[in-house]
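In this text, residue positions in the sequence shown follow my numbering: the first is 4, and each later residue adds one. C-beta atoms are modelled at their ideal positions from N, C-alpha and C, and glycine is treated no differently. What follows is a single structure, written as structure tokens, with notes after it.
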Amino acid sequence: MKPQIITFLIKCPDQKGIVAKLTHFFYQEGFNLVSAQQYTNSIDGMFFMRLRIESDDSVIISKEQLEERFARLAEADAIVWSVDYGIIKQRVAIMVSHTTHNLYDLLQRNKENKLHCDVKMVVSNHTKLKPIADMFGIPFYHLPVTKDTKKEQEQQLIDLFDSNNIDLIIMARYMQILSNDFINHYPNKIINIHHSFLPAFQGANPYMRAYDRGVKLIGATAHYATQDLDEGPIIEQDVERVTHESTPSTLKAIGADIETMVLARAVKSHLNNQIIVDNNKAIVFPETGE
């Protein structure tokens with residue numbers, strides 16, 4: 004039987020001997036340590052760790068026993084933790100409006116099994132992108148919204164997502180501002196993408212305004228959605244140099260390419276349990292070959 008990989012995400016006040024204490028716990032329980040990534044924030048005095056352990060037929064402890072015993076250790080050392088057993092794929096909903104590039108990219112990666120998830124639906128306030136969802140065989144839901152119907156539409160979204168047990172919501176250029184009530188219903192479960200010009204180049208045509216200013220760098224930022232618009236914990240960013248010869252259309256094309264890469268990396272990091280959120284900061288551990 005292929006060994007099962009279990010991932011623990013851990014954060015706690017930094018303390019002497021914490022690494023030894025954690026690794027010894029899993030050794031005692033019979034697990035093999037596959038990888039251990041750690042980071043200490045000396046300014047805040049916080050410790051973060053991503054532990055991947057291997058379970059095979061020689062391990063006789065159950066999930067319930069493992070979590071119960073680890074919870075006792077965690078309580079004694081003020082550890083905040085989560086565990087993923089890597090068996091069930093996260094259920095994902097993608098929200099879009101008019102823009103195609105992020106949706107195409109995510110669905111293609113999903114089709115090629117490059118993302119460890121189950122895309123359950125594409126949801127939009129318009130019908131323009133329905134053919135793309137149909138092309139990939141993903142259910143499409145059209146939930147139009149106006150200023151007067153925003154509250155009712157968001158309740159429809161919540162009902163739809165909750166009834167389908169959605170684990171992650173990806174805003175792949177969904178051009179609506181979500182309410183605080185909606186965002187708070189899914190803490191650290193909504194990933195948004197935007198161009199890195201924000202807030203300097205907000206509005207309907209940021210690339211034209213960037214062209215008018217003669218920018219030398221363009222980029223994109225993927226972050227968790229919070230009550231503070233576009234100020235949630237940053238998961239991934241990237242930039243590319245441009246020159247005075249770049250036109251608004253070339254800036255837009257370059258920006259779209261960067262967005263797809265940044266969003267895909269952010270989503271993959273979330274799905275692979277590589278992220279620990281601490282206040283408004285995302286600690287993102289690098290891949291370890293998984």
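Discussion item. Within 10 Å of its beta-carbon, does Asn116 have 16 or more other beta-carbons around it, so buried, or fewer, so exposed?
Written reply: exposed
Item to complete: Could you check the C-alpha separation between Val296 and Glu67 for me, to the nearest Å?
Response: Limits of the chain in this structure are 4 at one end and 293 at the other, which puts residue 296 out of reach.
Discussion item. On the CB-based measure, 16 or more other CB atoms within 10 Å of its CB, does Ile141 come out buried or exposed?
Written reply: buried
Practice prompt. Tell me whether Leu36 is buried or exposed, calling it buried when 16 or more other Cβ atoms sit within 10 Å of its Cβ.
Written response: exposed
Worksheet entry | Per DSSP, the bridge partner or partners of His226 | Per DSSP, Asn195, Ile237.
Worksheet item: DSSP three-state call for Met4: helix, strand or coil?
Response: Because the pLDDT of Met4 is 46, which lies under 50, any placement of that residue in the model is unreliable, and the number read from its coordinates should be weighed accordingly. In the structure shown, Met4 adopts coil according to DSSP, grouped into three states.
Worksheet item: Which word fits Asn105, buried or exposed, when buried means at least 16 other C-beta atoms lie within 10 angstroms of its C-beta?
Response: buried
Worksheet item: Can you name, in chain order, every residue of its own chain whose Cβ lies under 6 Å from the Cβ of Gln41, other than the five neighbours on each side?
Response: Met52
Item to complete: Please check the pair Gln230 and Ile172, which I expect to be a contact at CB under 8 Å, by giving their CB distance rounded to whole angstroms.
Response: About 16 Å; that fails the 8 Å criterion.
Worksheet item: Going along the chain, which unbroken runs of the beta strand (DSSP E) with 3 or more residues stay wholly within the region 60-119?
Response: 83-87, 93-99
Item to complete: Determine the DSSP secondary structure at Ile169, reduced to helix, strand or coil.
Response: coil
Worksheet item: Straight-line CA distance for Gln93 to Leu110?
Response: 15 Å
Fill in: Range of the contiguous beta strand (DSSP E) that encloses Asn35
Judged by DSSP secondary structure, Asn35 falls within the beta strand (DSSP E) whose first and last residues are 35-44.
Discussion item. Determine whether the beta carbon atoms of Asp137 and Val95 lie at a separation below 8 Å.
Written reply: no
Practice prompt. Determine the closest residue to Gln31 out of Ala223, Arg72, Arg268, Lys271, with distance taken between C-alpha atoms.
Written response: Arg72
Worksheet entry | 8 Å Cβ cutoff met for Ile196 and Ala228 | Taking 8 Å as the Cβ cut-off, Ile196 and Ala228 do not qualify as a contacting pair.
Discussion item. Considering Cα atoms alone, identify which of Phe28, Glu157, Ala285, Ile169 is closest to Glu234.
Written reply: Ala285
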